[in-house]
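In the working numbering, the protein residues as written are 274 to 557.
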């Protein structure tokens, strides 16, 4: 009996040693990437750091781009928290240069993830290109870098951004925020900016974006229960309701009204006028 007990004791000891050995040899868990569900839109190295830019889209695209940024210290392979980041996109045209509307860059619920948005009002081409100027600070030091980026036209060819001059002689940029349309009453949002200078695009507040969605291929019929886009001071966004009664191509006819109710751009849809000169497009 004593021999049997000794055998079981040895077996238990050997199993315990094997278990400890397996636990020690296993690699340490790798920290999850909080942005793994997004696309890595841009990545470049500067100042001993890797700057990573993520987006839901596969690249920088003409129109509204929500972007997420991470900064990796290449000497430690750690991502930087508590950084302050500023950006300035610049389009270099053949005869001039200009910037575009963009937000401030803010922190998120993740310590090492920062976010903001840029509205590119035109795409890159063979002769004209965008540069992204970044200034970032942490640990008492400020760094700068400039990288050339490619901004693509929408792959579906649909209009999601308008650049126009209003009846007040002010140049505006109106962009639709990303939308996954469904046959229902959808939330529709947009951002509105004006061009003060070639490099400065402040947000416009307290205007109204009136909407009239139509299906040109179906007798230009509209839909019920739409709500014009009104400014939300908490978010800085214009929000309303878009009713889509069937799948297909929709032209969202728009009118921009100032805070006095004056129409700055866009026309009513009538039997004589099939569509406004100001519009967004969707197809699903």
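By construction, the Cβ of each residue, glycine as well, lies at the ideal position given by its N, Cα and C atoms.
Check	Outcome
CA-to-CA distance, residue 418 to residue 409, given in whole angstroms	9 Å
Endpoints, beta strand (DSSP E) assigned at residue 448	444-449
Bridge partners - residue 470, DSSP secondary structure assignment	473
Cutoff 6 Å; reference residue 374; Cβ partners in own chain excluding five residues on either side	392, 446, 466, 474
Opening and closing residue of the beta strand (DSSP E) in which residue 452 lies	Run containing residue 452: none; DSSP gives neither H nor E here.
Proximity to residue 468 [Cα-Cα], best of 499, 311, 315, 436	436
Bounding residues of the beta strand (DSSP E) (the contiguous stretch that carries residue 418)	414-422
Candidates 476, 547, 540, 395: closest to residue 333 by CA position	395
Per-residue burial, residue 444 [other beta carbons within 10 Å of its own, 16 or more giving buried]	exposed
Residue nearest to residue 427 in terms of C-alpha spacing, selected from 414, 451, 372, 404	451
Every unbroken beta strand (DSSP E) within the segment 519-553, with a cutoff of 3 residues, ordered by chain	522-530, 536-538
Per-residue burial, residue 498 [other beta carbons within 10 Å of its own, 16 or more giving buried]	exposed
Residue 490, DSSP secondary structure in three states	helix
Residues bridged to residue 393 (per DSSP)	336
Own chain, CB closer than 7 Å to residue 294, minus 5 neighbours either side, in chain order	With a pLDDT of only 42 at residue 294, under the threshold of 50, the placement of this residue in the model should not be trusted, and no figure is reported.
Where residue 414 falls, given that 16 or more other Cβ within 10 Å makes a residue buried	exposed
Proximity below 9 Å, CB of residue 225 to CB of residue 520	Residue 225 lies beyond the residue range present for the chain, which begins at 274 and ends at 557; the question has no answer from this structure.
Whole-angstrom distance between residue 425 and residue 378, CA atom to CA atom	22 Å
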